[in-house]
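What follows is a short report on a single structure.
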Amino acid sequence: MRPGIIKIRASFFWPKIRVVFGIIKRYYIFMLLEMHCHTSKYSRCSQVGAASLVRQVKKKELQGVIITEHHYLWEEDEIKALRVEAELDENFLIIAGQEVETDIGHVLVFGANRTIEEEINLKDLRAFFPDAGLVWAHPFRNGNIPDESKLLNPILDAIEIFSMNQTPKENYLGLKAWHKYKFTASSGSDAHTEGMAGAYPTQFDHPVVTMQDIVTEIKKSRCRPFFKEIPKSGTNIIVTEITIGTKGDDEARNRIILKNITDDKKWLAAKSSSDINAFLCKNGFGEGEYRVPDIIYVNDKEKLIIETGQRGKNLFDLLTHVDKTIGLNYFRLAAQWLARFHNKNIKHGDIEGAIKKERKRFDSYHKSFTKTKSPYLKQIDPVINFVRDKEEEIYAKLRGSFVLNHGDYHPKNIIIGQDRQQDITTLFVSVIDFGNAILFPRSFDVGYFLSQFESQFYAYPEISKYCIESAFIDTYIKESDVIPPDFRTQVSLFKIRANLSIAAYLIKVGKGQSPEMKALISRCIS
Numbered sequence: 018m019r020p021g022i023i024k025i026r027a028s029f030f031w032p033k034i035r036v037v038f039g040i041i042k043r044y045y046i047f048m049l050l051e052m053h054c055h056t057s058k059y060s061r062c063s064q065v066g067a068a069s070l071v072r073q074v075k076k077k078e079l080q081g082v083i084i085t086e087h088h089y090l091w092e093e094d095e096i097k098a099l100r101v102e103a104e105l106d107e108n109f110l111i112i113a114g115q116e117v118e119t120d121i122g123h124v125l126v127f128g129a130n131r132t133i134e135e136e137i138n139l140k141d142l143r144a145f146f147p148d149a150g151l152v153w154a155h156p157f158r159n160g161n162i163p164d165e166s167k168l169l170n171p172i173l174d175a176i177e178i179f180s181m182n183q184t185p186k187e188n189y190l191g192l193k194a195w196h197k198y199k200f201t202a203s204s205g206s207d208a209h210t211e212g213m214a215g216a217y218p219t220q221f222d223h224p225v226v227t228m229q230d231i232v233t234e235i236k237k238s239r240c241r242p243f244f245k246e247i248p249k250s251g252t253n254i255i256v257t258e259i260t261i262g263t264k265g266d267d268e269a270r271n272r273i274i275l276k277n278i279t280d281d282k283k284w285l286a287a288k289s290s291s292d293i294n295a296f297l298c299k300n301g302f303g304e305g306e307y308r309v310p311d312i313i314y315v316n317d318k319e320k321l322i323i324e325t326g327q328r329g330k331n332l333f334d335l336l337t338h339v340d341k342t343i344g345l346n347y348f349r350l351a352a353q354w355l356a357r358f359h360n361k362n363i364k365h366g367d368i369e370g371a372i373k374k375e376r377k378r379f380d381s382y383h384k385s386f387t388k389t390k391s392p393y394l395k396q397i398d399p400v401i402n403f404v405r406d407k408e409e410e411i412y413a414k415l416r417g418s419f420v421l422n423h424g425d426y427h428p429k430n431i432i433i434g435q436d437r438q439q440d441i442t443t444l445f446v447s448v449i450d451f452g453n454a455i456l457f458p459r460s461f462d463v464g465y466f467l468s469q470f471e472s473q474f475y476a477y478p479e480i481s482k483y484c485i486e487s488a489f490i491d492t493y494i495k496e497s498d499v500i501p502p503d504f505r506t507q508v509s510l511f512k513i514r515a516n517l518s519i520a521a522y523l524i525k526v527g528k529g530q531s532p533e534m535k536a537l538i539s540r541c542i543s
């Protein structure tokens, strides 16, 4: 039979099947390996058996595993027996290295020809095993920040920057150091339980079959952590989404969001937002159906916030693609989340400051129309004055009932997702960006959402036919613990107030006479 190649596309790698004289062999354009894990057979700290561990790595869609026991190197016959016990064929790579204690901490040793039984100085380790691959394991653990000289130590062949034995903050510091110093990097789960195995794989650019192949690839810098890093720039902010590892059967991947803020005023708002997130996480919104992202790390000097990533899409994107029955359910979920948030009755904030800022907004709205000589000025001036007067009445009578509002509650700040794609019971709604949070009547967020919803879906009139205002309000009221008698009237008022804000924005971006603006003015005066 003549040799041939058949390409098959998979989720994270492209395996090929090579047919040689009737024998099928699989190899890969690149390979994903678990490079750091321990079994209960030879590592007393581990809680997972060897067969369970390697099977879990296989489920994570990796192509191999390097078992790295503490000061023990598996024998070849033990690996063969493990392959049989785990029922894995020769296409899945199982190989052994070891993790040893040194004067700089733990080091992964790949390619030593014997077990290293005792702690050893790094220089001696290299002298005894000159051809081995030496990788510094979890060097950022416990708050350590190695300097340039340690990370670029010529004795070391690579640095493990991602590890389950490091916090998300420490993994971020490892990533930052890698980008800065450009050393060879790897990742490994440091698995001691079944669930950890395969979570942080290392990508090898070329197929590896033997330990010598692995060592060569490490020394040639042809490996790196397997992850996605997607930066998105906005006004005064750079948001970077980092996703580590493969989905596998359990679909679990580690996600973090980095927010770098470049403006001092925006930084203060972002910090306030993160404080609210942290409070909500500790008070019922940390997990489950209704949640917010957890805050991992805040750095004032760098103006950096790290939070957990959300596996899902925003409500706007979803409603433009899903069936109307599903869409209406998502729409109602957004109302339920909001009511549960308001039910917390959070009083943290400056009421007088919020009122002062609100009063200034009306002057700003008027200026937007007068400065541009808007044709809608005569129509909108009475509306501005009406809303301003009604808000003053609320300040006088109801300020004692004010609660913390999100302040910018709209479909693009609402994330709908599922922890497991095939399990509808893991559906959740999560809300982001509390930077505009204010103490105000709870009706403010409701009216604001309904106004923003109409505006954002202006080009999708079919969605507004089933995601109707009454469905949102009724769902909110049903979920709420306290509703004032004139709640619906307040909602209508704050909906007009939000329309004024959107109108000012349209003028700012040069759409002051657009069809969208005309429709908005009509909604304001109707």
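Residue numbering for the sequence shown follows our numbering, beginning at 18 and increasing consecutively.
Even glycine gets a Cβ: it sits at the ideal position worked out from N, Cα and C.
Around the beta carbon of K388, a 10 Å sphere encloses fewer than 16 other beta carbons of the protein chains shown; the residue is thus reported as exposed. Out of F146, L335, D94, the CA that lies nearest to the CA of V446 is found in L335. In the three-state scheme derived from DSSP, where H, G and I count as helix and E and B as strand, H123 is classed as strand.
With a cutoff of 8 Å on beta-carbon distance, P242 and T210 are scored as not near each other.
Sequence-distant partners of I513 (beyond 5 residues in either direction) whose C-beta falls short of 7 Å from its own C-beta, in its chain, are V400, V404, C541. L169 carries a coil assignment under DSSP once its states are collapsed to helix, strand and coil.
Listed as beta-bridge partners of S180 by DSSP are G205. Contact check for N253 and K276: beta-carbon distance about 11 Å, past the 8 Å limit, so the pair fails to qualify. Ranked by how close their Cα comes to the Cα of V117, the residues Y189, G251, E92, G150 have G150 in first place.
In this chain, E134 is not harboured by any alpha helix (DSSP H), its DSSP state being neither H nor E. In the displayed model, T257 falls within a strand according to three-state DSSP.
By a beta-carbon distance limit of 8 Å, L332 contacts I431. Their separation comes to about 4 Å.
By the neighbour-count criterion, in which a residue is buried when 16 or more other Cβ atoms sit within 10 angstroms of its Cβ, A144 is exposed. Only residues of its own chain outside the window of five on either side were considered, and among them F157, I178 have a CB closer than 6 Å to the CB of G191, listed in chain order. For D120, same chain residues with a beta-carbon under 7 Å away, outside a window of 5 residues either side, are N138, L139 in chain order.
When secondary structure is reduced to three states using DSSP, S290 falls in the helix class. P310 is positioned such that its CB atom lies closer than 8 Å to that of E324. Contact annotation: K75 and F109 have beta-carbon atoms nearer than 8 Å. Taking all protein chains shown into account, Y483 has fewer than 16 neighbouring C-beta atoms within 10 Å of its C-beta and is therefore exposed. Approximately 7 Å separates the beta-carbon atoms of H423 and F358; this is inside 8 Å, confirming the contact.
G205 counts as buried, since no fewer than 16 other beta carbons sit within 10 angstroms of its beta carbon.
Secondary structure within the region 449-506: the beta strand (DSSP E) runs of 3 or more consecutive residues, fully enclosed, are 455-457 (chain order). The region 87-121 contains, as complete alpha helix (DSSP H) runs of 4+ residues, the segments 93-103 (chain order). For V404, the uninterrupted alpha helix (DSSP H) segment begins and ends at 394-415. Annotated as distal: E258 and I278, with beta-carbon spacing of 8 Å or more.
The alpha-carbon separation between P248 and I313 amounts to approximately 18 Å. Under the DSSP definition of a beta bridge, Q220 partners with L49, R241.
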